[in-house]
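Colleague: This is the structure I want to talk about, given as structure tokens.
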Amino acid sequence: MRLKPLGDRVVVKVIQAEEVTKGGVILPGTAKEKPQQGEVVAVGTGEYIDGKKVELEVKVGDRVIFSKYAGTEVKLDGEEYLLLRESDILAIIE
Amino acid sequence: MRLKPLGDRVVVKVIQAEEVTKGGVILPGTAKEKPQQGEVVAVGTGEYIDGKKVELEVKVGDRVIFSKYAGTEVKLDGEEYLLLRESDILAIIE
Amino acid sequence: MRLKPLGDRVVVKVIQAEEVTKGGVILPGTAKEKPQQGEVVAVGTGEYIDGKKVELEVKVGDRVIFSKYAGTEVKLDGEEYLLLRESDILAIIE
Amino acid sequence: MRLKPLGDRVVVKVIQAEEVTKGGVILPGTAKEKPQQGEVVAVGTGEYIDGKKVELEVKVGDRVIFSKYAGTEVKLDGEEYLLLRESDILAIIE
Amino acid sequence: MRLKPLGDRVVVKVIQAEEVTKGGVILPGTAKEKPQQGEVVAVGTGEYIDGKKVELEVKVGDRVIFSKYAGTEVKLDGEEYLLLRESDILAIIE
Amino acid sequence: MRLKPLGDRVVVKVIQAEEVTKGGVILPGTAKEKPQQGEVVAVGTGEYIDGKKVELEVKVGDRVIFSKYAGTEVKLDGEEYLLLRESDILAIIE
Amino acid sequence: MRLKPLGDRVVVKVIQAEEVTKGGVILPGTAKEKPQQGEVVAVGTGEYIDGKKVELEVKVGDRVIFSKYAGTEVKLDGEEYLLLRESDILAIIE
């Protein structure tokens, strides 16, 4: 059982804050919006930009950061996922 | 008697939460927006994107998840349906 | 005396709720937006989409459902009509 | 002395409600927006749609209905006119 | 010393209400927006519409009516002017 | 040390009100928005309009008027500048 | 470990106010929005403008000023960064 996102949407497996600290990115406790980390597990078929379908920039397996308040939560086979638009993804961590 | 949605609209037969649990997707009780499941029973003729008519990505028979607050309810021959825009559909469950 | 709608507008003769029940579509008493039924009696010349005039999808004689709060009421020769944009029409009932 | 409207604007001579009743269109006392009638006395040179200038659909002499709250009133040589955008016109009465 | 408006802007010399009455246009005391009159004294180089620069429709010397609340006031060499976008101009008085 | 504005932005050296009066433009004390004067000291590389990069209309050295509340203040080497979008500039004073 | 921003986003290393004063730009204590300084450490692959991908104007190493309230903070390997859209950058300091 798999989620196939539509258009410019991606499915992300959220990486919890404790794991994040080990991974090297610590999100400071300021007033600014705090991003979250996750791993891309599925990507949509792309987005229409001025009449041409354009593939998404993120790929399955990318570790990404995104806005904390973006997206819709889904639990599938006991695992929690987040459905995001690619535009909610800020950067890929390499 | 059938509903033929216009443009980028689709007709979805909602799958109630009890059935969903059996099907493997459980929607957790958090503050985030909770998606709903359904089966696509009719799709519109497509959407104009930069002057060209583009077919919808979802097909009749697809099991989809969508925002809980999206769409318009219609009861036809005793069955309840939801009229959604394709952009309200988050992902197809395969 | 006839109404000729402009652009993407259509003239619809509203079918009252009592008649609707006989016709097979019952609109349930929920919190969601309740659509109304009607018959298309006139259609505009179409809409400009990226520089090309595109005919409307609905035709005269179509039985359609649309949002309850859409459009402008007009009484012509004792009959009540509704002037809608095509985008307010959700689906054709076949 | 004449008004030459710009772009997609038209000048309409409003037909008062009493006259309207004689003419066959009665606007019912409901909560919905009530349209007004008038006669087109001048039309703009047209509207740019995707780079091409497109003539207006209404012509001088057309009897039209439009939203009650649309437009700007002007009195010229003792006569009252309304300056509307064509998009505020709902339909032509034939 | 002259004002050269940018893009789709025009410089208008406002004609006060007293003068307007003599000229034949009287703006009635209703709840609707009341337009003002003026004479165009300078026009911008035009507006980009879908990639092409398009000249303005109003010319220097045109007597125009425009929304009372539009534009920005400037006093130059003791004279008061108004800087408007062409879209704030409703019609030319001929 | 110089500011190089991006895209359709310009750097303006504000001319204070006292100097403005000498220069002939007096901004009256009305309820309408009062423009400010300044001299353009740097311009961006231009703006993309329908796929083509278009040069700005204002040039370095132009004396311009702009909305009082537009832009972002910057102090560079003791001098105060304003970073504006070209669309915030109303007219060039010649 | 590196951040690779998506689309029109850039990663900026913020330069604190104390350092800024030495560098010559002092942000005055007025009611207007105060910009911040930083150095660009990574840029996205560009932005789609009317169907063509266009490279960003800022380059890695540029010293830039941007709105104080723009962007999202990220801490990576103990260093604090800001993820901005290029349109939040006002100017390059040369």
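Protein chains in written order, with the numbering used here: chain A, 2 to 95; chain B, 2 to 95; chain C, 2 to 95; chain D, 2 to 95; chain E, 2 to 95; chain F, 2 to 95; chain G, 2 to 95.
Glycine included, each C-beta is placed from N, C-alpha and C at the ideal position.
All values derive from a computational prediction rather than experimental measurement.
#1: Within 8 Å (strictly less), CB to CB, does glutamine 37/C reach chain D?
#2: Using alpha carbons as the reference points, say which of Lys53/D, Asp51/D, Leu77/D, Val12/D lies closest to valine 41/D.
#3: Which word fits glutamate 80/A, buried or exposed, when buried means at least 16 other C-beta atoms lie within 10 angstroms of its C-beta?
#4: List, in order along the chain, the chain B residues whose C-beta lies closer than 8 Å to that of aspartate 51/C?
#5: Please classify valine 75/F as buried or exposed, where buried requires at least 16 other C-beta atoms within 10 Å of its C-beta.
#6: Which residues in the same chain have their Cβ closer than 7 Å to the Cβ of arginine 10/C, if we skip the five residues on either side of it in sequence?
#7: Count the other CB atoms, across all protein chains shown, that sit within 10 Å of the CB of glycine 30/F; report buried if there are 16 or more and exposed otherwise.
#8: From this set, Tyr70/D, Ala43/D, Leu4/D, Gln37/D, which residue's C-alpha is nearest isoleucine 94/D's C-alpha?
#9: So who's on the other strand from glycine 39/A, going by DSSP bridges?
#10: Tell me whether the beta-carbon of isoleucine 50/G lies closer than 8 Å to the beta-carbon of glycine 47/F.
#11: Helix or strand or just coil, what does DSSP make of leucine 91/B?
#12: Cutting at 7 Å between CB atoms, please list the residues of its own chain near valine 61/E, excluding the five before and the five after it.
#13: Can you look up tyrosine 82/F in the DSSP assignment and give me helix, strand or coil?
#14: For valine 55/C, which residues in the same chain have their Cβ closer than 6 Å to its Cβ, ignoring the five residues on either side in sequence?
#15: With a cut-off of 8 Å, does the C-beta of alanine 92/D fall near any C-beta of chain C?
#16: Could you check where the beta strand (DSSP E) with valine 55/E kicks off and where it finishes?
#17: What is the residue span of the beta strand (DSSP E) that lysine 5/A lies within?
#18: Rank Leu4/E, Gln17/E, Leu7/E, Lys69/E by C-alpha distance to the C-alpha of valine 89/E and give the top, closest one.
#19: Nearest to methionine 2/F by CA position, among Thr73/G, Arg64/G, Gly8/G, is which residue?
#20: Taking the alpha-carbon positions, what's the leucine 77/C to alanine 71/D distance?
#21: Note the first and the last residue of the continuous beta strand (DSSP E) segment covering lysine 76/G.
#22: By alpha-carbon positions, which one of Ala92/F, Lys5/F, Ile66/F, Glu58/F ends up nearest to isoleucine 16/F?
#23: How far does the beta strand (DSSP E) with tyrosine 49/F in it reach, from first residue to last?
#24: Which of the three DSSP states is assigned to valine 44/F in this structure?
#25: Any Cβ of chain C within less than 8 Å of the Cβ of valine 1/D?
#26: Just checking: is the beta-carbon of glutamate 34/E within a distance shorter than 8 Å of some beta-carbon in chain F?
#27: Between tyrosine 82/G and the rest of its own chain, which residues show a CB-CB distance below 8 Å, the 5 nearest in sequence each way excluded?
#28: To the nearest angstrom, report how far apart alanine 92/E and leucine 91/C are at their CA atoms.
#29: Name the chain C residues that come within less than 7 Å of arginine 3/B, Cβ to Cβ?
#30: Isoleucine 66/A versus chain G: which residues are under 7 Å apart at the beta carbon?
#31: What does glutamate 58/A touch in chain G if you count any residue whose Cβ is under 8 Å from its own?
Modeller: Considering the structure as presented:
#1: Within the third sequence, residue 37/C is the residue found at index 36, counting from 1. Output row for glutamine 37/C: interface = no.
#2: By 1-based counting over the fourth sequence, the position of residue 41/D is 40. Checked all of Lys53/D, Asp51/D, Leu77/D, Val12/D; the closest Cα to valine 41/D is Val12/D.
#3: Along the first sequence, one-based indexing puts residue 80/A at 79. The residue is exposed, with fewer than 16 neighbouring Cβ atoms inside 10 Å.
#4: Numbered from its first residue, the third sequence carries residue 51/C at position 50. Chain B residues near aspartate 51/C: Tyr49, Asp51, Gly52.
#5: Locating residue 75/F in the sixth sequence gives position 74, where the first residue counts as 1. Counting Cβ neighbours within 10 Å, valine 75/F comes out buried, since at least 16 surround it.
#6: Looking up residue 10/C in the third sequence gives position 9. Gly45, Leu84, Leu85, Arg86, listed in sequence order.
#7: Locating residue 30/F in the sixth sequence gives position 29, where the first residue counts as 1. Its pLDDT being 43, under 50, glycine 30/F is placed unreliably in this model, and the coordinates cannot settle the point.
#8: Taking the first residue of the fourth sequence as 1, we reach residue 94/D at position 93. Among Tyr70/D, Ala43/D, Leu4/D, Gln37/D, the Cα nearest to that of isoleucine 94/D is on Gln37/D.
#9: Stepping through the first sequence from its first residue, residue 39/A is reached at position 38. According to DSSP, which records beta bridges pairwise, glycine 39/A is partnered with Val15/A, Val65/A.
#10: Position 49 of the seventh sequence, counted from the first residue, corresponds to residue 50/G. Position 46 of the sixth sequence, counted from the first residue, corresponds to residue 47/F. No, they are not a contact pair.
#11: On the second sequence, position 90 is the one that residue 91/B refers to. Three-state DSSP puts leucine 91/B in a strand.
#12: Counting from 1 along the fifth sequence, the entry for residue 61/E is found at position 60. So the list reads Val41, Val42, Ala43, Val44, once near-sequence residues are dropped.
#13: Against the sixth sequence, residue 82/F aligns to sequence position 81. It is a strand residue.
#14: Locating residue 55/C in the third sequence gives position 54, counting from the first residue. Closer than 6 Å at the Cβ level, and outside the excluded window around valine 55/C, lie Gly47, Glu48.
#15: Position 91 of the fourth sequence, counted from the start, is the residue given in the question as residue 92/D. At least one chain C Cβ lies under 8 Å of alanine 92/D.
#16: Within the fifth sequence, residue 55/E is the residue found at index 54, counting from 1. Its beta strand (DSSP E) spans residues 53 to 55.
#17: Counting from one through the first sequence, the residue named residue 5/A turns up at place 4. Looking at the DSSP string, the run of the beta strand (DSSP E) that includes lysine 5/A is 4 to 6.
#18: Here residue 89/E refers to the residue found at position 88 of the fifth sequence. According to the sequence shown, residue 89/E is aspartate rather than valine. The shortest C-alpha separation from aspartate 89/E is found at Lys69/E.
#19: If you number the sixth sequence from 1, residue 2/F lands on position 1. If we check each option's Cα against that of methionine 2/F, Arg64/G comes out closest.
#20: Taking the first residue of the third sequence as 1, we reach residue 77/C at position 76. Taking the first residue of the fourth sequence as 1, we reach residue 71/D at position 70. When rounded, the distance between both Cα atoms is 21 Å.
#21: One-based indexing of the seventh sequence puts residue 76/G at position 75. That run of the beta strand (DSSP E) goes 73 to 77.
#22: Walking along the sixth sequence from the start, residue 16/F turns up at place 15. Ranking the options by Cα distance to isoleucine 16/F, first place goes to Ile66/F.
#23: Here residue 49/F corresponds to residue number 48 of the sixth sequence, with the count starting at 1. First-last of the beta strand (DSSP E) with tyrosine 49/F: 48 to 50.
#24: The sequence position of residue 44/F within the sixth sequence is 43, counting from 1. Strand, per DSSP.
#25: In the structure displayed, chain D extends from 2 to 95; residue 1/D sits before or after that span and is not available.
#26: What you label residue 34/E is simply residue 33 of the fifth sequence in a count that begins at 1. Per-residue confidence for glutamate 34/E stands at a pLDDT of 49, beneath the threshold of 50, marking its modelled position as unreliable; the derived number appears in the next sentence. Not one chain F Cβ lies under 8 Å of glutamate 34/E.
#27: Taking the first residue of the seventh sequence as 1, we reach residue 82/G at position 81. Same-chain partners within the cutoff: Leu4, Val12, Val13, Lys14, Val15, Val42, Glu74, Val75, Lys76.
#28: Within the fifth sequence, residue 92/E is the residue found at index 91, counting from 1. Within the third sequence, residue 91/C is the residue found at index 90, counting from 1. Cα to Cα, alanine 92/E sits roughly 38 Å from leucine 91/C.
#29: Walking along the second sequence from the start, residue 3/B turns up at place 2. Per Cβ cutoff of 7 Å: Glu95.
#30: The sequence position of residue 66/A within the first sequence is 65, counting from 1. Within 7 Å Cβ-Cβ: Val75.
#31: Mapped onto the first sequence, residue 58/A falls at position 57. Here the neighbours are Leu7, Gly8, Thr46.
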